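Everything in the sequence shown is counted per the numbering used here, starting at 8 for the first residue and increasing by one.
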Amino acid sequence: MNLWRDFHGPNAGYVLELYERYRQNPDSVDAATRASFARWTPRVDGVPSGAAPAIGKIVGAVTLAQAIRTYGHLAAQLDPLGSPPPGDPSLEPTSYGVTEEDLRRLPGSLIDGPFVERVANALEAIQALRAIYSSTIGYDYGHIRVPEEREWLRLAAESGRFRPPRDPINPGALLERLTQVEAFEHFLHRMFPGKTRFSLEGLDMIVPILDEVIGEAAEARIHNILIGMAHRGRLNVLAHVLNKPYAQILAEFKDLTRGRTRLDGIDQAAGDRLLAGWTGYVKYHMGARRALKGGEPLNVVVSMPPNPSHVESAYPVVEGMAYAASTQVDKPGPPRFDPTVSLPILIHGDAAFPGQGVVAETLNLSRLPGYHTGGTIHVIANNQLGYTTNPKDARSTLYASDLAMGFEIPIVHVNADDPEACIESARLAFSYRTKFQKDFLIDLIGYRRYGHNEGDEPRFTQPLMYEKIERHLTVRELWATTMITRGLIDGGWPKKLMQNRMRALQRVLESLHPEVDLVEPQPKAPAPGAARRVQTAVPARRLRELHASLLWVPEGFTLHPKLERAMQRRGTALATLDEPGIDWATAEQLAFASILEDGIAIRLTGQDVERGAFGQRHAVFHDMKTGKVFTPLQALPQAKAAFAVFNSPLTENAAIGFEYGCNVQEPGRLIIWEAQYGDFVNGAQMMIDEFVASARAKWGQTPSLVMLLPHGYEGKGPDHSSARLERFLELAAETNMRIVNCTTAAQYFHLLRWQAALLEADPLPLVVLTPKSLLRHPLACSSLWDLAEGRFKPVIDDAQARQRPEEVRRLILCSGKIHVDLVTSGHRAETPGIAITRIERLYPFPADDLRPVLDCYPKLESVAWVQEEPENMGAWISLRPHLGALINGRWSLRYIGRPPNSSPTEGSSAWHATNQRTLVEHAYDLNSAIAEDVFISSKET
Ligand SMILES: Cc1ncc(C[n+]2csc(CCOP(=O)(O)OP(=O)(O)O)c2C)c(N)n1
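Next up, the structure:
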């Protein structure tokens with residue numbers, strides 16, 4: 008056996024260590040190893056026999072090489088400002104009792120690697136490794152647990168196959184690009200001093216990195232490239248990567264049209280937009296889209312969606328967009344995903360990446376079925392500062408990228424002043440992504456030439472750093488110097504290039520026509536009357552056929568006995584036309600099935616949605632004997648589009664962001680996210696405020712995401728009761744969403760079908776407060792007739808009271824589960840003077856549906872709003888002005904419910920039951936005065 012032929016690198020080191028142990032004490036190794044070593048004498052190729060070095064030296068050399076491969080990045084010169092790398096003792100030969108002389112005496116072949124041909128001995132091999140691992144790139148891939156990937160990364164780094172000169176670049180084109188990037192910032196700095204632009208300077212190489220990745224992606228026929236990024240350098244990327252016209256950007260800087268509109272009302276069109284709820288957004292967060300023209304049939308679209316200031320919030324949105332774009336849903340069954348269609352590229356801040364929880368959440372989505380996009384290329388735009396905060400205060404890790412290690416994402420740290428190293432990193436990233444369809448991260452380490460924004464004084468907080476930055480040459484200047492030194496250009500050329508660019512920008516500024524150049528997206532107006540025209544009823548015969556298909560399971564499939572029985576019960580649900588045998592989940596299934604039959608694809612995600620948090624749905628069956636799964640909606644013979652259902656990870660913020668991205672990318676699909684309990688939706692408040700509720704007004708997007716939020720006071724305590732309805736109502740304004748709290752299976756059925764039918768004609772996000780105990784409650788069940796006729800009713804009047812309207816003295820208005828508590832109360836029969844009407848759609852407020860209800864009770868004396876949520880929560884505060892306007896002083900308007908409280912509900916079910924009972928009693932007490940008791944307030948307003 009020849010050690011160096013049969014074992015390499017760490018393996019050789021390990022065998023030698025074992026052998027040394029065996030030599031000192033043969034019993035210290037197991038019997039098989041002992042037997043092998045007894046027949047074996049280590050022999051080293053290239054070392055004259057008789058002159059074999061001590062085993063310890065060999066082990067030392069091999070271990071040193073391995074340490075450089077793993078920790079060499081700790082000695083790499085990654086900071087362009089010259090701060091010394093942290094280093095690591097494991098990178099020193101002395102740590103292993105080895106000297107340079109020892110290494111020189113060992114053969115180069117000891118250290119396996121592509122460079123081995125070029126080295127004369129182990130010292131040169133170690134030097135070659137240092138030049139690779141501790142230069143201006145730090146390869147950080149030791150945390151990858153898949154050996155094949157680790158080996159691929161090692162070879163990629165050590166072969167230099169992505170690095171010039173082996174993989175050449177066009178140095179002149181690079182200089183021109185860097186000149187464009189820098190000139191743009193200089194020009195804005197000069198013409199609009201102090202105006203915020205979040206200059207890219209110090210990280211200029213982002214643009215050539217993006218060029219490289221996009222170029223490779225286009226060649227690989229990826230035709231949908233999505234770039235997500237925050238403020239830093241965004242204008243530069245918009246101008247140069249997305250080709251947003253300079254004229255448009257400069258017009259936005261001048262802000263002429265907007266200024267005139269708001270102050271003088273001169274621009275009628277823009278004024279109208281404002282009246283229609285259009286607010287627009289700041290220029291450094293706007294999105295753009297560019298179609299690249301390549302050789303046929305190349306059709307590459309690069310887009311950057313708009314995003315709010317909330318750093319990293321766009322990350323899951325972009326992933327959702329990429330996923331949706333790569334997924335085909337035009338055939339029944341599960342959706343078909345093609346990882347070669349889209350490429351998400353995410354540019355993160357070095358403070359934001361480790362600091363924002365949404366990053367970890369989204370990284371965790373990256374390899375999950377239903378979320379996997381085929382790999383994201385991440386770039387941390389690492390300027391070593393977060394606003395005024397230094398890294399030591401911003402993260403608990405050495406690198407800004409360390410979070411990615413936990414997700415086994417390979418990382419390269421690269422000095423942003425070394426263009427060739429940056430280009431190599433981009434190539435490596437793309438190649439790894441192509442090969443393994445996984446994420447890759449480039450930690451691009453540069454600096455920030457100015458303050459956080461251009462009006463900021465960075466020397467207040469980082470005086471020493473900025474002293475260095477002031478003297479530091481730009482990467483364009485450094486690259487120009489390299490080119491001059493290499494004899495590629497003459498000394499005057501870089502300056503000439505710069506002057507040309509500045510002059511070109513000046514010409515654009517001088518010929519600006521803001522009224523033409525300032526282009527603002529506008530939300531698409533809904534098709535007039537579309538919402539009214541939609542027919543949601545489905546003929547009984549068609550429903551029965553769908554139902555029969557949904558009850559089918561493959562031959563030999565063994566259901567859980569309880570499910571078997573439930574299926575049998577469900578089997579009779581549609582037997583008669585008018586018996587209310589259809590519960591919530593059955594209605595949902597029928598709605599889904601009919602929507603699929605209409606050719607609209609559905610995606611349903613959320614925690615445990617396959618079964619349903621309350622065991623109600625069972626969208627996926629599990630064979631009791633084989634564990635195989637079966638999804639009836641994917642086997643539906645009537646379906647004309649795909650059905651997807653995925654249990655999400657235990658995540659709300661990124662999960663909603665992702666679904667929002669799917670939704671805006673592919674608006675023709677019905678995208679539904681379900682909260683486990685509605686309470687947990689507040690973990691995604693950022694996504695709701697910034698995207699779902701306001702994207703239409705800010706960016707002209709027209710989302711139609713459905714959110715199902717279990718809501719209702721059932722004694723489960725403060726955190727399993729409320730979907731925080733009040734928050735959604737507070738966000739509702741103009742035309743931005745629909746909020747529904749429906750109480751019957753048929754209402755839910757019609758609502759889902761209505762939403763599906765309006766996806767393109769009148770898209771709006773839909774927030775549905777869904778039931779828990781009412782999922783199977785007889786009063787929430789509907790008949791086949793209810794599904795086969797009619798439509799969603801925004802208001803459901805009291806059918807009983809309508810029989811004798813002249814007896815009604817008080818009209819109770821309520822929404823959701825409290826209705827059942829009221830109508831099942833013993834007081835109901837005793838109090839004919841009370842009518843109970845449900846408001847099922849809370850926003851837009853259904854004034855036109857409610858008005859006739861108010862008008863139909865001739866002896867009405869008072870109207871009461873009854874809710875189970877505390878007064879500061881639920882619908883009361885938002886509905887009160889609408890109700891007041893409708894009542895218009897004709898009757899008193901009374902609030903009956905819990906008084907204001909900081910907690911949504913009581914912590915004990917007994918206490919809850921008492922309060923709920925008291926509440927119902929107050930509602931039925933026609934003589935109740937303004938209550939002063941502590942639990943229930945009943946106030947006249
Ligand atoms: C969620 C959120 N919190 C706070 C801010 C305010 N803010 C804007 S940029 C910034 C610093 C970001 O630092 P970094 O991620 O390193 O990006 P850089 O601006 O340095 O490029 C802060 C705190 C914000 N925009 N979003």
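Using N, Cα and C, we set each Cβ at its ideal position, and we do this for glycine too.
In this text, all values refer to a predicted model and were calculated from it rather than measured experimentally.
Where does Tyr931 land, buried or exposed, given buried means 16+ other C-beta within 10 angstroms?
-> Tyr931 is buried by the Cβ-count criterion.
Between Arg618 and Trp559, what straight-line distance do the alpha-carbon atoms span, to the nearest angstrom?
-> Cα to Cα, the separation comes out at about 17 Å.
C-beta contact flag for Tyr103 and Leu130 at 9 Å = Going by C-beta atoms, Tyr103 is not nearer than 9 Å to Leu130.
Is Asp357 near ligand 1, with its Cβ less than 8 Å from a heavy atom?
-> In this structure, Asp357 has its CB closer than 8 Å to one or more heavy atoms of ligand 1.
Which of helix, strand or coil DSSP assigns to Gly364 = In the structure shown, Gly364 sits in a helix (DSSP, three-state: H, G or I).
Given Tyr330 as reference, the closest of Gly377, Ser310, Pro33 and Ala359 once Cα atoms are compared = The residue with the shortest Cα to Cα distance from Tyr330 is Gly377.
Can you name the residues that DSSP bridges to Glu681?
-> In the DSSP secondary-structure assignment, Glu681 is bridged to Gly613 and Leu715.
Spell out a yes or no on whether the segment 697-710 and the segment 394-412 are touching, meaning 3 or more CB-CB pairs, one atom from each, closer than 8 Å.
-> Touching, no.
Cβ-Cβ separation, Glu847 to Val802 (assumed contact under 8 Å), whole Å = Contact holds; Cβ gap of about 6 Å.
Local conformation of Ala626 per DSSP, three classes | Coil, per DSSP.
Could you give the residue range of the beta strand (DSSP E) that holds Arg572?
-> No beta strand (DSSP E) holds Arg572; the alpha helix (DSSP H) holding it covers Pro568 to Gly578.
Kindly list the residues whose CB is nearer than 6 Å to the CB of Leu353, restricted to its own chain and excluding five residues on each side of it in sequence; keep chain order.
-> Within the same chain, Cβ atoms closer than 6 Å to the Cβ of Leu353 are found at Gly235, Tyr322, Thr383 and His385, the five residues on either side in sequence being excluded.
Report the partner residues of Asp931 according to the DSSP bridge assignment.
-> With the sequence shown as reference, residue 931 is identified as Tyr, and Asp is not the correct amino acid for it. Per DSSP, none; premise fails for Tyr931.
What are the complete alpha helix (DSSP H) segments, minimum 4 residues, inside the segment 77-112?
-> The segment 77-112 contains these whole alpha helix (DSSP H) runs: 107-112.
Do His238 and Val188 come within 9 Å of each other at the CB atom, strictly closer than that value?
-> Using a Cβ distance threshold of 9 Å, Val188 and His238 do not count as a contacting pair.
Go ahead and pull the three-state DSSP assignment for Ser601.
-> Reduced to three states, the DSSP call for Ser601 is helix.
Check whether Leu643 and Pro341 have beta carbons under 9 Å apart = Not a contact, by the Cβ cut-off of 9 Å.
Have a look at Phe650 and Thr777 and give me their C-alpha separation to the nearest angstrom.
-> For Phe650 and Thr777, the distance between alpha carbons rounds to 21 Å.
Rounded to the nearest angstrom, how far is the Cβ of Arg483 from that of Thr186, given a contact under 8 Å?
-> Contact holds; Cβ gap of about 6 Å.
Taking Gly833 as the reference, which of Pro561, Val713 and Val927 has the closest Cα?
-> For the set Pro561, Val713 and Val927, the Cα lying nearest the Cα of Gly833 is the one of Val927.
Closest residue to Pro533 among Ala359, Pro710, Leu81 and Ala808 (Cα-Cα distance) | Here the closest residue by C-alpha is Pro710.
Between Thr492 and Ser333, what straight-line distance do the alpha-carbon atoms span, to the nearest angstrom?
-> When rounded, the distance between both Cα atoms is 46 Å.
With a threshold of 8 Å, establish whether the CB of Ala392 neighbours any heavy atom of ligand 1.
-> It is Leu, not Ala, that sits at residue 392 in the sequence shown. Yes; taking the cut-off as 8 Å, the Cβ of Leu392 has a heavy atom of ligand 1 nearer than that.
Can Ala594 and Leu794 be called in contact, C-beta distance under 9 Å?
-> Against a cut-off of 9 Å, the Cβ pair of Leu794 and Ala594 comes out as a contact.
Can you tell me whether Lys569 is buried or exposed, with buried defined as 16 or more other CB within 10 angstroms of its CB?
-> By the neighbour-count rule (16 or more Cβ atoms within 10 Å), Lys569 is not buried but exposed.
DSSP-derived helix/strand/coil call for Asn689 | Helix.
Report the residue from Leu480, Leu370 and Gly453 whose alpha carbon sits nearest the alpha carbon of Glu415.
-> For the residues Leu480, Leu370 and Gly453, the minimum Cα distance to Glu415 belongs to Leu370.
Ends of the alpha helix (DSSP H) at Pro853?
-> Counting along the chain, Pro853 falls outside any alpha helix (DSSP H), and DSSP gives it neither H nor E.
From this set, Ile118, Ser790, Pro501 and Leu597, which residue's C-alpha is nearest Ala180's C-alpha?
-> The option with the nearest alpha carbon to Ala180 is Pro501.
Residue interval of the beta strand (DSSP E) (run including Ser869) | Segment Ser869 to Pro877, the beta strand (DSSP E) holding Ser869.
Using 8 Å as the cut-off, classify the Cβ of Gln363 as near or not near the heavy atoms of ligand 1, replying yes or no.
-> Indeed, a heavy atom of ligand 1 lies less than 8 Å from the Cβ.
Going by alpha carbons, who is nearest to Glu681 out of Leu773, Phe628, Arg28 and Val69?
-> Closest in alpha carbon position to Glu681, among Leu773, Phe628, Arg28 and Val69, is Leu773.
Rounded C-alpha distance that separates Glu571 from Arg577 | Roughly 10 Å separates the two Cα atoms.
Provide the residue(s) that pair with Tyr146 in DSSP beta bridges, ordered along the chain.
-> The bridge partners DSSP lists for Tyr146 are Val419.
Note the first and the last residue of the continuous alpha helix (DSSP H) segment covering Ser728.
-> Run containing Ser728: none; DSSP gives neither H nor E here.
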